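In mature numbering (1 follows the signal peptide of the UniProt record, and there is no 0), the protein residues as written are -17 to -1, 1 to 633. Don't be surprised by glycine CBs; every beta carbon is placed ideally from N, CA and C. For clarity, every value in this text was computed on a predicted model and none was experimentally measured.
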Amino acid sequence: MNIKNKLFLLAAGFLLAASTLFVSCTNESLTEAPAGPDEPDTDNSRTEVQLILKNNLTLKTSVPASRAGDAIATEDENFIKTLDVYVFGSLTEDGPYTFQELHYYRDDASLTHLTGIKSFSFDLNPGAEANTTTGLLKLTKGLFVKFYCIANRTQLYGVDATGALQPYDYFSSLVQTAPGQSANTVTPGVPTETDFLKLQTQLINPDGATEDDIFVSPLPMTGAYTTPLDLTDFSSATRAQIGFRLSRMVARFDIVNVAEESRFTVEGISMSNGRSASRFFPIEPLKTKDETNGDLITYPERKVKPDMQHKPTAADPKLNITQGAFYTWPSLKDDGGYLILKGSYDVNMSESQPVSYKIPFKQMVNGVGTYIEVNYNHRYTIEITKADPVRLEVNLKVTDWEEDVELDDYTPDNDFDRNTPLTLEAGAQGAYVTDKGQVTLMPEAASEFAFVMGSNATLKSELVFQDGSEKWLELASAPVSRATSQNTKYTVTTVDAKLTDVSKLLPVIIRLTNPASGMRKDIKVFATKGPEVTLVKEEENTGTFDAKTLTATIENTAGKTIKLHVVSESRSDGAEPPSITTGSTAVVDGGITWLTVSENVDTAAGDYTLTLGDAQSLPAAATVTFTSTASTMATTVHVVLKEAPPAPVP
């Protein structure tokens, strides 16, 4: 990206009055808004942190060229009008983190609309290194901090208690009692980091015309520095540095068309089956309500001028390219999204008729169509090759939006097969691949597995954790070959410190994405668990079972029973024919004899009957352990006796 900043003019009298004050200052001036209540704001309470934006952001107006000589990002697309850096702090490195303060840049020197918080304005400047932009932040000391940065969108939105989307302005800064001292305590700020990550953009109004409905420059961008920065040492005078990239949250569509040859002049472009909003961190497209119940929408139409739909000339080689004709939130493959091109078709030299064409996110190669995902920070070129009154033929090309990183045109040979069965490398510990291609992994310190994926393009790899889950896995990748078809080995290991609470070891997705095609392969990893236990309902049986607490309750009467249904894993040895290991065992723990359990089950699913021998003195309790034969993981059920009802009066 090549960022252009507007220069704002100050009154001449102010410049004259201030000139003597700025002689000894750096060119990274800091303007402070009023500090929050009860917070000291002396130099000693704050420390300098150099912000470095690392993705080819510059302040000059020229646009760097790609390797092919074409500017990938237009000057307007690189324009930064606003930049908000949300800082979250915590007493400990592991959190929890809550809102601490806001640092913001405005091209017109205006103030943030958020009130009653610690907020400080700053300037952006060209960095000392090429293709960097810097800003000098002065942060309150005393805590570990994280940084979340949003460009060109100052209003965030959240879902209220009624489920309605509302502007979110409920920020309040945390308060420290004794920064830099061991007795320091913190009154948490609002929001928490977890709640902040749920915030999103405004919904697109299909009938609207604002920047939230029809995307125009300046475009929304985000970036984050989430490795905790230690600002607890008041004795340190060293200026810290943080650096990260900004990513555009939208995808861009260019149109290549010579109207004289195709006989079609594009006049408008829209998108159907599109996402209506996006989260900021991570950039994740959203439906109108939620992933399950939300609706896909048709975007408002954006007009396309005919100026850039002519045959190129030596003087103007881009006369056939409409750059940035349309911008959208990312579109998932399963959404079935498509573009709508409207315009006029020349039937003959003197007659034209209005036409409308659907362009699915699909690429045709040798008559075979492949649907793709539309990813953020990517450029998609629609090259119109032929048109008639009912049909439009196009080529769809994909380019990374970053300067000097142009992707090859997509072909099936430049992709990986999402349907290739997952095979673990030798040496896997505690891991097993199910018949659905998912991995179950023992939640133990030594557990790990590796697999190899081949692709002609370098795949992006990441772990996707659910809300509320511990980050209990780590992913590392290293290429094992650099041939025409590159194979990359991915290694997954458990994080020892995150394994203590099994209830928080939620399923994790290993996501591999081809940046050229947008094709994605998701591999789900589950923490191996013991057998699933549920109640078998029987008439006149007074026993109960709480599935959440795994507690079975039996009436304290001799001979009373409860029947439980147990489902365990089945595992194959992969041979032909395969040998299947399955079934479960059940044991009453602690040598208790007043409770018995029926015989072991040698099938994946089966029923166990727990029987009370003689009535016991209350309270009385026992535990029964059900163990999977295949995985060796166990589930413990607590058994509690309840008082028998009084005998009926004769």
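When DSSP reads this structure, residue 370 sits in a beta bridge with 375. According to DSSP, residue 309 shares a beta bridge with 236. Of the residues 531, 577, 551, the one whose Cα lies closest to the Cα of residue 565 is 551.
In this structure, residue 405 places its C-beta atom within 7 Å of the C-beta atom of residue 416. Residue 131 places its beta carbon less than 7 Å from that of residue 264. Our two residues, residue 253 and residue 546, have alpha carbons roughly 59 Å apart in a direct line. The beta strand (DSSP E) runs of length 3 or more contained entirely in the region 557 to 610 are, from start to end of the chain, 567 to 571, 578 to 580, 588 to 595. Straight through space, the alpha carbons of residue 172 and residue 625 are spaced by roughly 47 Å.
Under the three-state reduction of DSSP output, residue 617 falls in the strand class. Between residue 478 and residue 457, the C-beta spacing is below 7 Å. About 5 Å separates the beta carbon of residue 262 from that of residue 183, a gap short enough to meet the 8 Å contact definition. Rounded to whole angstroms, the separation of the alpha carbons of residue 148 and residue 320 is 24 Å. Non-local C-beta neighbours of residue 115 in its own chain, meaning closer than 7 Å and more than five positions away in sequence, comprise 35, 36, 37, 40, ordered along the chain. Within the region 106 to 172, complete beta strand (DSSP E) segments of at least 3 residues are found at 116 to 123, 127 to 134, 139 to 142, 148 to 151, given in chain order. Nearest C-alpha to residue 447 among 421, 355, 494, 475: 494.
Shown here for residue 343: same chain residues with a beta carbon closer than 6 Å to its own, the five before and five after excluded, namely 321 in chain order. With respect to the C-alpha of residue 450, the residue from 427, 619, 488, 113 having the closest C-alpha is 488. Annotation note: the region 205 to 249 contains the following uninterrupted alpha helix (DSSP H) runs of length 4 or greater, listed N- to C-terminal: 242 to 245. A Cβ-Cβ contact shorter than 7 Å links residue 189 with residue 281. By the Cβ-count criterion, residue 601 is exposed, with fewer than 16 other Cβ atoms from all chains shown falling within 10 Å of its own Cβ. Secondary structure note for residue 538: it is in no alpha helix (DSSP H), and the uninterrupted beta strand (DSSP E) holding it is 534 to 538.
Sorting 570, 588, 575 by C-alpha distance to the C-alpha of residue 581 places 570 at the top. The region 103 to 114 makes no contact with the region 193 to 200; the number of CB pairs closer than 8 Å stays below 3. Shown here for residue 215: same chain residues with a beta carbon closer than 8 Å to its own, the five before and five after excluded, namely 124, 125, 126, 127, 163 in chain order. Membership of residue 198 in any alpha helix (DSSP H) is not indicated, and neither H nor E is assigned to it by DSSP. Excluding residues up to 5 positions away in sequence, 526, 527, 623, 625 lie with their Cβ nearer than 7 Å to the Cβ of residue 536 in the same chain. Excluding its 5 nearest sequence neighbours in each direction, residue 426 has C-beta neighbours in its own chain below 8 Å: 455, 477, 482, 485, 488, 510, 511, listed in chain order. Boundaries of the alpha helix (DSSP H) harbouring residue 176: 176 to 179, taken from the DSSP string. Closest option to residue 420, judged by alpha-carbon separation, among 452, 508, 475: 508. Assigned with DSSP and collapsed to three states, residue 283 falls in coil, not helix or strand. Apart from sequence neighbours up to five positions away, the residues of its chain that approach residue 588 with a beta-carbon distance below 8 Å are 548, 549, 550, 551, ordered along the chain. Per DSSP, the beta bridge partners of residue 260 are 269. The three-state secondary structure of residue 486, taken from DSSP, is helix. Within the DSSP secondary-structure output, residue 342 pairs in a beta bridge with 322. For residue 96, no beta strand (DSSP E) segment is defined, and its DSSP state is neither H nor E.
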